[in-house]
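Down below is the structure, laid out as structure tokens.
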Amino acid sequence: MERFARLLTDLIYTRSRNSKLALLADYLRTAPDPDRGWALAGLTGQLNFPSVKAGIVRDLIKERVDPVLFALSRDFVGDTAETVSLLWPAPPGPVPPSPTVSEAVALLSAATRATAKPVVAGLLDRLDEDGRFALLKLATGALRIGVSARLAKTAFAQAFSVQLDDVEEIWHALRPPYTDLFSWASGAAAKPDITSRPVFRPFMLANPLEDAVLDLADYAAEWKWDGIRIQIVHASGETRLFSRGGEDITASFPDIARVFAHEGVLDGELLVRGAAQGGEAGGAASFNALQQRLGRKVVTANLQAEYPAFVRLYDVLFDRGEDLRRLPWSDRRVRLENLVSQLNPGAFDISALIEAGDFDELADLRAAARETDIEGLMLKRRDSPYEAGRKAGLWYKWKREPLTADCVMMYAQRGSGKRSSFYSDYTFGCWTAPEAEGGVLLPVGKAYSGFSDEELRWLDGFVRKHTVNRFGPVREVEKSLVLEVAFDAVNASTRHKSGIAMRFPRISRIRRDKPASEADEIRTLRGMIASDPGSAASSIEARPGD
Amino acid sequence: MLASPKTPRWIKAEREGIHLPTTDWWIDPSRPAANALVTHGHADHARGGHGQVWATGATRDIIALRYGTLTGGRGLDYNEPLDIGDCITATFVPAGHVLGSAQILLERHGERIIVTGDYKRRPDPTCVPFQPTPCDILITEATFALPIFTHPPIEREIARLLAAREANPQRSLLIGAYALGKAQRVIAELRRAGYHETIWLHGAMVAMCELYERCGIELGPLAPVSEASRDVLKGQIIVCPPSSLNSAWARRLPDPINAMASGWMRVRQRAVQRNVELPLIISDHCDWNELTGTILELSPEETWITHGREDALLHWCALHQLRARALDLVGREEDDTG
Ligand SMILES: [Zn+2]
Ligand SMILES: [Zn+2]
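Here the protein sequences come in this chain order: S and Y.
Okay, so the first sequence: first residue is 1 according to my numbering, each after it adds one.
Okay, so the second sequence: first residue is 1001 according to my numbering, each after it adds one.
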């Protein structure tokens, strides 16, 4: 564990991407098997120890350190694993030999809910500070040390001089500790064959269009549907649904998986039947409605009937064992149109192409999209192959303009990770009525992005200088600062006193010029609520956009 | 909660500093005062503009260097009592924080109050060690008053510094260290560890290092960075104020390894926020065990806590059935002197 712990520490203090790659590559090339495979799994977020919950770690430390002192320390450090690694008392007597990564993984995997606590405590007792930090990061899943899965895989490719695309292609078919991957990369074995396995293939993603004007002779347009992007795969008699990140979500959508048995790999948007997006013709409910189907352990027949899911298809990657990804989009589109007619029409349809004479006409259609609650447009180069990742110039997303409102900062909280010493999470409010008529501010949302580092330092200073009250980690501030908040939509919400919830709020401008009394009223926000029968539900948590 | 004993009427904690109302003297006041007792030369304790400044000789020299010549007051030796009126005596007692730093012992009719200022308990070749002084009320700093703060031995940190230099002969090693105290301590510890090459200084460091040398603290060969060519600085140690790390000034150095000497470096994200590649946990303040240990050792009837994370130390006192209260002094936010 010492080498892995040192790697993590070095990575944290290393700024340049190239130096990080060099550190990772050196470790992956020279650390022993299967330690390096488990480490790679940790770095790519592929380790999961269901019995080891973050709560266990908190319980363990509270048995050893006064809970108030722990809470104050945690608030200062901004990271539970680091706080615990710093506070963990060394056991009396000589330090026993530290565990290897493999041994730690084996012990954590074998842990049950009953044994998880002593197992974790036993491991912590055998490690120094850096080792404890590394262990806790591994054990509780997210490393969050500024190394993405992509960077780790890039380092792997660099370490063994193999192609990153080849690594990505087979990655999802392999399991930790990736012995077969290391064998292939180091030249000791052939590349693992995955063609006949129901595995995830990397998605092709779109870039924001910004200000470009495109020629519709070269680009086809589709609506941007607001559900979750999925890949549906059928191979060797098995069907799998994967989310954007390659997570297997088959269990949440048995109604879809059950009726798909076409050997191949398709790309589409998972939606719920309704009339919110694009009206009756659009045929899709809001994202809010789809949320009712997400993250459920048990998907009852009632739930399936109440929120009937379907897939609106965008693309085809494989058809009956044939890899179509090198074909131009237009050819794949023809294949997809033929294919969709063979699928269950209740569970599958095709994302229609938008007819527009020229780009200006398309711009008008996009501008009108707000009335029909459509998120925006997609533009796809007609000759584009299906390329993993976000290649420039091929696919674009062209979202409608965000909505904005002027709100007043009410509370602030310290961020985590890099921002742990800054007040970077802001709760803001709008007026119930004009202030002069006795209106008060009610919170309407929370944002922790949209500002530059320099603005963050300014906002942090504002919070510190204008604190009127402290509640644990939260500071209430003097209600004097107006923030222009941008958001994609407003939903009705019963969870908030204001009755509304913003979708993807972010700070778009700091309005030092504007007095708080001139911020918007809640009724202005209510007027923006999307016409959506299914939206009385909970507010929307942020999710990765595409 | 324990009932608070009667606070002596001759001392009051104001937001601007500790005030002795019966004689109108102040300790480390944050705004100009007629009579100021100053514990040490750091900017959050020593401000300009006071009428009479009473401090150790070294502290007065430091203040003079920073704010210009001092007119009123005089320099006092450690343990030399000063009568300040209303039967109150003030005595400067070594605090072990930086050159000239002192605790202030206040006595009146047998009542004893210690104002620690900033202090540490570790040995430091650049200043007189902390002198534990029994008292009824202890007014303690709390800069690193969280149990996560345990400072490692300085020898370990200096060894890491020298190892990083050894491993990167093509790069310069730039240490961000506060210009008063930290910089000279790091230099003195490097000498103690056997490093005798020239240590290069940012211009803002030069005068303070000279002052230390005049006070008899030997720092070995020093030279301003401006006198060296870029090539000469490869594999060399350079000391600069923390604010100069990542500055335009640092760009002329050969591929500097950013190091920073501070107790805050104990927390990874603190180092990351400042783009520090080599965090050195070197502090001129007490760590948690030393703060709590000092309270137990002196066992005052009451502890007043200021200057930092009052809440944690206050809670610790409550857990140990010790009387304590937090003072709310202004202008003592977290800073680089840590
Ligand atoms: Zn100080
Ligand atoms: Zn101080």
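Every residue gets a Cβ at the ideal spot worked out from N, C-alpha and C, and that includes glycine.
Remember, it's a predicted structure, so these values are computed and weren't measured experimentally.
Compare the C-alpha of residue i against each of the options and name the closest.
i              : options                        : result
residue 1185/Y : 1061/Y, 1152/Y, 1316/Y, 1097/Y : 1097/Y
residue 1222/Y : 1197/Y, 1022/Y, 1229/Y, 1129/Y : 1197/Y
residue 86/S   : 69/S, 96/S, 99/S, 102/S        : 69/S
residue 430/S  : 497/S, 381/S, 99/S             : 497/S
residue 1307/Y : 1101/Y, 1118/Y, 1102/Y         : 1118/Y
residue 305/S  : 297/S, 325/S, 331/S, 273/S     : 273/S
residue 1107/Y : 1042/Y, 1244/Y, 1009/Y         : 1009/Y
residue 1234/Y : 1133/Y, 1316/Y, 1252/Y         : 1252/Y
residue 1077/Y : 1261/Y, 1090/Y, 1260/Y         : 1090/Y
residue 323/S  : 102/S, 122/S, 233/S            : 233/S
residue 48/S   : 408/S, 136/S, 360/S            : 136/S
residue 1179/Y : 1163/Y, 1170/Y, 1203/Y         : 1203/Y
residue 271/S  : 310/S, 124/S, 143/S, 399/S     : 310/S
residue 517/S  : 19/S, 441/S, 237/S             : 441/S
residue 1284/Y : 1011/Y, 1054/Y, 1134/Y, 1154/Y : 1154/Y
residue 403/S  : 11/S, 13/S, 370/S              : 370/S
Looking only at its own chain, which residues have a Cβ that is under 6 Å from the Cβ of residue i, when we skip the five neighbours before and after it?
i              : result
residue 276/S  : 285, 286, 373, 532
residue 1029/Y : 1016, 1017, 1036
residue 116/S  : 51, 52, 56
residue 351/S  : 222, 312, 314
residue 1325/Y : 1304
residue 27/S   : 7
residue 1111/Y : 1008, 1136
residue 308/S  : 273
residue 1277/Y : 1257, 1258
residue 1291/Y : 1145
residue 1230/Y : 1254
What residues in its chain sit with their C-beta under 8 Å from that of residue i, if we drop five residues either side in the sequence?
i              : result
residue 1219/Y : 1184, 1187, 1188, 1191, 1199, 1209, 1212, 1213
residue 1207/Y : 1065
residue 423/S  : 412, 413, 414, 415, 459, 460, 463, 464, 475
residue 1238/Y : 1172, 1173, 1174, 1175, 1199, 1200, 1201, 1202, 1225, 1253, 1256
Is residue i near residue j, with beta carbons less than 7 Å apart?
i              : j              : result
residue 522/S  : residue 483/S  : no
residue 131/S  : residue 5/S    : yes
residue 320/S  : residue 263/S  : yes
residue 176/S  : residue 37/S   : yes
residue 1296/Y : residue 73/S   : no
residue 99/S   : residue 125/S  : no
residue 1032/Y : residue 1050/Y : yes
residue 1268/Y : residue 1142/Y : no
To which residues of the same chain is residue i closer than 7 Å at the C-beta, ignoring the five residues directly before and after it?
i              : result
residue 243/S  : 228, 230, 249
residue 549/S  : Outside the displayed range of chain S (1 to 546) lies residue 549/S, so it cannot be described from this structure.
residue 425/S  : 412, 413, 415, 446, 448
residue 1270/Y : 1264
residue 511/S  : 406, 482, 483, 484
Against residue i, what residues of chain S qualify as contacts under a CB-to-CB distance less than 9 Å, listed in chain order?
i              : result
residue 1315/Y : 66, 68, 69, 72
Given that residue i touches chain Y, what residues does it touch there, using C-beta distances under 7 Å?
i            : result
residue 83/S : 1148
Determine the chain Y residues that contact residue i at a beta-carbon separation under 8 Å, and present them in chain order.
i             : result
residue 15/S  : 1275, 1277
residue 24/S  : Ordered by position in chain Y, no residue passes the 8 Å Cβ test against residue 24/S, which lies about 17 Å from the chain.
residue 76/S  : 1146, 1148, 1267, 1309
residue 107/S : Ordered by position in chain Y, no residue passes the 8 Å Cβ test against residue 107/S, which lies about 25 Å from the chain.
residue 87/S  : 1147, 1148
What in chain S is Cβ-close to residue i, meaning under 7 Å?
i              : result
residue 1319/Y : 66
Give the interface partners of residue i over in chain Y, defined as CB-CB distance under 9 Å, in chain order.
i            : result
residue 12/S : 1268, 1269, 1271, 1272
Report task. Select from the segment 1141-1153 of chain Y all residues with a C-beta closer than 7 Å to any C-beta belonging to chain S, and list them in chain order. Result -> Residues 1146, 1147, 1148.
Query raised in the report: When Cβ atoms are compared, which residues of the segment 1018-1035 of chain Y fall closer than 8 Å to chain S?
Result: Answer set for the segment 1018-1035 of chain Y: empty.
Requested in this report: Pull out every residue of the segment 1252-1283 of chain Y whose Cβ sits closer than 8 Å to any Cβ of chain S, in chain order.
Outcome: Cβ contacts with chain S come from 1266, 1267, 1268, 1269, 1270, 1271, 1272, 1273, 1275, 1276, 1277, 1278, 1279.
Query raised in the report: Taking a cut of 8 Å between CB atoms, which residues from the segment 1297-1315 of chain Y lie near chain S?
Result: Residues of the segment 1297-1315 of chain Y with a C-beta atom less than 8 Å from some C-beta of chain S are 1309, 1311, 1312, 1315, listed in chain order.
Report task. Taking a Cβ distance cut-off of 7 Å, strictly less, list which residues of the segment 329-363 of chain S are near chain Y, in chain order. Result -> From the segment 329-363 of chain S, no residue has a Cβ closer than 7 Å to chain Y.
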